[in-house]
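Protein chains in written order, with this note's numbering: chain P, 1 to 365; chain Z, 1001 to 1365.
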């Protein structure tokens, strides 16, 4: 019954920004990763909401997105009340986005505990995820800024890491620790030593706190951002607030919640957890997620006819894709671009996007 | 001046049939190889007409095609008089198609010398080709059924071969020989022995003869076909001929000019020649034709962005194709199908087409 009480009081803010250039050409500036059905059938944003919805009513879930995506977000999430889709006039990073959510939630419910979760991560075991969130809620109620850290399974160099300190409390099998330090993306050797030590977790940018705790830390660590967000929140939804938002928002500094708050606060705790998390950052990782068995081919979104084909991932939009005598490929078929890429080079797709940008081929990105 | 005289009297028949399944998915039943811009910019049929047009006026060039392609052929060849595009109610092979052309030409000009040339072969050196045709004309004027044979450059197993006999005459540097025998597609060892002997030529299905000579041989060797074609030719273009054509044509046996006439006649001569001929039978051979240098990539019909890519051929329709970290691929992008194939497997594309046919996916073929 304690769980149920908490469940009712929980809120969430989902910052939905970023385009995910390594998933180009499926992801574009106008069609970012979180709007895509990866791995499908629901979009990553929809799946994020689905994952949270057993913990709280839809009316407690807020999405903060940029104006170019407001319409798509509204269409993808008809369950959310109109007022829960907050539209930034310009992207300013997760700091202002999550901060605005916290300021609005705190006005609605001064005792609210809220979480913040990326719109474009994948979770294989949503029940384990929710159990971890509820453990984080327990620590958040005691005044911590809580992050959920993922137990690493291999020495990934593409994620940031969190070093665990002493244990603070235990809940439902989760042991919550102090955070000693946040670490940037490591090199391979460092990542291996992190993995070997057993003290490091992947930073998955999942946070749980009382809205009031975050706002206190924001007032202390980012006072100007705090002041501006309070001003905006005070008039939110009232006549003239759009003009005010358009005037004040662009003046905010660009800052992430990680850099601006978590790495500088001494009230940070972490829940080590393990629920099949991946940021699904590139085509190879989508292949890994979906690959049932060694050598199997994977088709998402289109019919595939594969002859003498191995370990190939095809992501399409309905057109038939035929492969013959190939292996370890990623094939992405979109309306205006076809990508054929060796799976081992999936990380380099962003180089292509950068090159297109430099060459002024902006219609393609 | 002798050349010019002949030039005026020359005629040509281009049988335009067959779909070229190894060039799928660019070639389809509804869009056969001869209608495609391979290697472009003109279609193979247009290039065939272009290649012949310095030898004769357009009004002397006939195309025999199936009813499904009549409109496309008419649009691609606005230079040809309407009456020069002969439409078969049903495909019956090159025998009836070329025979009909000969019967109509003979009625127009009893002394006509005519050539017949496939609509979907490629020639790199058209002037050398025309010189070979004129040499063949010289032999044809002496009553031979003349074929132009290609000097083989490697032991190809996908072509038929012609064994040369004693020399008959020489013209403009070409030595015209009797034909001893036509050979079916050989195995590798046989092809190598053919190449080593220096006596064999590739059969490129190029023929030159007096229309009257062909008709005489046809009356002797394929009397029923001859009779039917004469009946059809006698009423060609007159009221009621379409009904007669629709009635008689389907009764014709399916027979090629090679099997029905050339391999059985004793009046056959061959002009050994060398003008960069290829039947452009599969994607790999298109790559060979266009590949400027070892390892180079080739793009036909679409913008290609190639990063760390080698020996890859892309044939598209305007959509951008991006490759990263791949080599030796053929990528064909069409409206409804994308093919990604290892170049060494280009011959097996027809297996895919057969499989689609068996599976009833007829919209794709």
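Glycine is no exception: its CB is placed at the ideal position from the N, C-alpha and C atoms.
In this text the structure is predicted, and so the values were computed from the model without any measurement.
Open item on the list: Determine, for residue 1166(Z), whether the minimum Cβ-Cβ distance to residues of chain P falls below 7 Å.
Closed with: Sequence index remark: in the second chain, residue 1166(Z) carries index 166 (1-based). No, no contact with chain P.
Task: Exposed unless 16 or more other CB atoms sit within 10 angstroms - verdict on residue 1071(Z) - done: Here residue 1071(Z) is taken as the residue at index 71 of the second chain, counted from 1. With fewer than 16 Cβ atoms within 10 Å of its Cβ, residue 1071(Z) is classed as exposed.
- [ ] Determine, using beta-carbon pairs with one atom in the region 1269-1285 of chain Z and one in the region 1339-1348 of chain Z, whether at least three such pairs fall under 8 Å.
- [x] yes
Open item on the list: Can you look up residue 239(P) in the DSSP assignment and give me helix, strand or coil?
Closed with: Reading the first chain from its first residue, position 239 is the one you call residue 239(P). Coil at residue 239(P), not helix or strand.
Task: Cβ of residue 94(P) within 7 Å of any chain Z Cβ - done: Taking the first chain and counting its residues from 1, one reaches residue 94(P) at position 94. With 7 Å as the cut-off, residue 94(P) does not count as an interface residue toward chain Z.
Open item on the list: So the candidates are 1273(Z), 1084(Z), 1338(Z) and 1074(Z); which of them puts its Cα closest to the Cα of residue 316(P)?
Closed with: Here residue 316(P) refers to the residue found at position 316 of the first chain. Comparing Cα positions, the closest option is 1338(Z).
TODO: Name the one or two DSSP bridge partners that residue 181(P) has.
DONE: Taking the first residue of the first chain as position 1, residue 181(P) is located at position 181. According to DSSP, residue 181(P) bridges with 163(P).
Task: Minimum Cβ-Cβ distance from residue 342(P) to chain Z less than 7 Å - done: As a first step, residue 342(P) must be located in the first chain, where it is residue number 342. Cβ-Cβ to chain Z under 7 Å: yes for residue 342(P).
TODO: Can you tell me the Cβ-Cβ gap for residue 212(P) and residue 110(P), rounded? I've got them flagged as a contact below 8 Å.
DONE: Looking up residue 212(P) in the first chain gives position 212. Looking up residue 110(P) in the first chain gives position 110. Contact holds; Cβ gap of about 6 Å.
TODO: With 9 Å as the C-beta to C-beta threshold (strictly closer), list the residues of the region 17-43 of chain P near chain Z in chain order.
DONE: 24 and 25
- [ ] With residue 1367(Z) as the anchor, note down where its beta strand (DSSP E) starts and where it stops.
- [x] Nothing about residue 1367(Z) can be reported from this structure: the residues present for chain Z run from 1001 to 1365 only.
Task: Which residues DSSP lists as bridging residue 332(P), in chain order - done: The count along the first chain starts at 1 and reaches residue 332(P) at position 332. DSSP output for residue 332(P) lists 315(P) and 339(P) as bridge partner(s).
Open item on the list: Counting only Cβ pairs nearer than 8 Å, list the residues of chain P close to residue 1325(Z).
Closed with: Numbered from 1 along the second chain, position 325 holds the residue referred to as residue 1325(Z). The contacting residues are 341, 342, 344, 345 and 348.
- [ ] Closer than 8 Å by beta-carbon distance: list the chain Z residues that pair up with residue 331(P), in chain order.
- [x] Counting from 1 along the first chain, the entry for residue 331(P) is found at position 331. Correct list: 1338 and 1340.
- [ ] Report the option in 322(P), 340(P), 329(P) and 351(P) whose CA atom is closest to the CA atom of residue 1361(Z).
- [x] Here residue 1361(Z) refers to the residue found at position 361 when the second chain is read from its first residue. Per the Cα distances, 322(P).
TODO: Anything in the region 289-314 of chain P with a Cβ closer than 8 Å to a Cβ of chain B? List those residues in chain order, please.
DONE: Protein chains P and Z are contained in the structure displayed, whereas chain B is not.
- [ ] Using the Cα positions of residue 363(P) and residue 1076(Z), report the straight-line distance between them to the nearest angstrom.
- [x] The residue labelled residue 363(P) in the question sits at position 363 within the first chain. The residue labelled residue 1076(Z) in the question sits at position 76 within the second chain. The alpha-carbon atoms of residue 363(P) and residue 1076(Z) are separated by roughly 33 Å.
TODO: Drop a sphere of 10 angstroms on the beta-carbon of residue 231(P), count the other beta-carbons inside from all chains shown, and report buried for 16 or more, exposed for fewer.
DONE: Counted from its first residue, the first chain places residue 231(P) at position 231. Looking at its Cβ environment, which holds fewer than 16 other Cβ atoms inside 10 Å, residue 231(P) is exposed.
- [ ] Quick one: using the 10 Å Cβ neighbour count with 16 as the cut-off for buried, is residue 1166(Z) buried or exposed?
- [x] Taking the second chain and counting its residues from 1, the one referred to as residue 1166(Z) is at position 166. Under this definition residue 1166(Z) is an exposed residue.
Task: Nearest candidate by alpha-carbon position, reference residue 88(P), set 204(P), 259(P) and 244(P) - done: Position 88 of the first chain, counted from the first residue, corresponds to residue 88(P). Here the closest residue by C-alpha is 244(P).
Task: DSSP three-state assignment for residue 196(P), whether helix, strand or coil - done: The sequence position of residue 196(P) within the first chain is 196, counting from 1. DSSP places residue 196(P) in helix when its eight states are reduced to three.
- [ ] Quick one: residues in its chain with C-beta nearer than 8 Å to the C-beta of residue 132(P), no 5 flanking neighbours on either side, listed in chain order?
- [x] By one-based count along the first chain, residue 132(P) stands at place 132. Once the five neighbours on either side are set aside, the close Cβ partners of residue 132(P) are 148, 174, 271, 273 and 275.
Open item on the list: Suppose you measure from the CA of residue 1(P) to the CA of residue 47(P); what does that come to, to the nearest Å?
Closed with: Counting from one through the first chain, the residue named residue 1(P) turns up at place 1. Counting from one through the first chain, the residue named residue 47(P) turns up at place 47. With a pLDDT of 35 at residue 1(P), under the threshold of 50, the modelled position of that residue is not reliable, and the figure given next carries that caveat. Looking at the two C-alpha atoms, the distance is approximately 27 Å.
Task: Enclosing alpha helix (DSSP H) for residue 1101(Z) [first to last residue] - done: In the second chain, the residue the question calls residue 1101(Z) occupies position 101. Looking at the DSSP string, the run of the alpha helix (DSSP H) that includes residue 1101(Z) is 1094-1108.
Open item on the list: Between the alpha carbons of residue 1251(Z) and residue 1154(Z), how many angstroms are there, rounded?
Closed with: To locate residue 1251(Z), count along the second chain from 1; it is residue 251. To locate residue 1154(Z), count along the second chain from 1; it is residue 154. Spanning the two alpha carbons is a distance of roughly 41 Å.
TODO: State the beta-bridge partners of residue 1011(Z) as determined by DSSP.
DONE: One-based indexing of the second chain puts residue 1011(Z) at position 11. The partner list for residue 1011(Z) (beta bridge, DSSP) reads 1114(Z).
- [ ] Would you verify that the beta carbon of residue 199(P) is, or is not, closer than 7 Å to some beta carbon of chain Z?
- [x] Residue numbering aside, residue 199(P) sits at position 199 when the first chain is read from its first letter. Output row for residue 199(P): interface = no.
Task: Nearest-angstrom beta carbon gap, residue 319(P) and residue 1372(Z) [assumed within contact, 8 Å] - done: The requested residue 1372(Z) is not part of the displayed model; chain Z covers only 1001 to 1365.
Open item on the list: Can you tell me where the beta strand (DSSP E) holding residue 85(P) begins and where it ends?
Closed with: Indexing the first chain from 1 puts residue 85(P) at position 85. Residue 85(P) -> beta strand (DSSP E) spans 85-88.
Task: Reference residue 1090(Z), options 1016(Z), 1035(Z), 1357(Z) and 1028(Z), closest by Cα - done: On the second chain, residue 1090(Z) is found 90 positions in, with the first residue counted as 1. With distances taken between Cα atoms, residue 1090(Z) lies closest to 1016(Z).
TODO: Tell me whether residue 19(P) is buried or exposed, calling it buried when 16 or more other Cβ atoms sit within 10 Å of its Cβ.
DONE: Within the first chain, the letter at position 19 stands for residue 19(P). The residue in question, residue 19(P), is buried, as its Cβ has 16 or more Cβ neighbours within 10 Å.
- [ ] With a cut-off of 8 Å on the beta carbons, I'd call residue 26(P) and residue 334(P) a contact; round off their distance for me.
- [x] To locate residue 26(P), count along the first chain from 1; it is residue 26. To locate residue 334(P), count along the first chain from 1; it is residue 334. The Cβ separation is near 6 Å, so the contact holds.
Task: Cut-off 8 Å between Cβ atoms - residues of its own chain near residue 1113(Z), not counting five sequence neighbours on either side - done: Counted from its first residue, the second chain places residue 1113(Z) at position 113. Hits under 8 Å: 1006, 1009, 1010, 1011, 1137, 1140, 1141, 1208, 1209, 1210 and 1211.
Open item on the list: What would DSSP say about residue 1024(Z), mapped onto helix, strand or coil?
Closed with: Looking up residue 1024(Z) in the second chain gives position 24. The answer is coil: DSSP assigns residue 1024(Z) none of H, G, I, E or B.
Open item on the list: Using DSSP's beta-bridge definition, name the partner residues of residue 1171(Z).
Closed with: Within the second chain, the letter at position 171 stands for residue 1171(Z). According to DSSP, which records beta bridges pairwise, residue 1171(Z) is partnered with 1174(Z).
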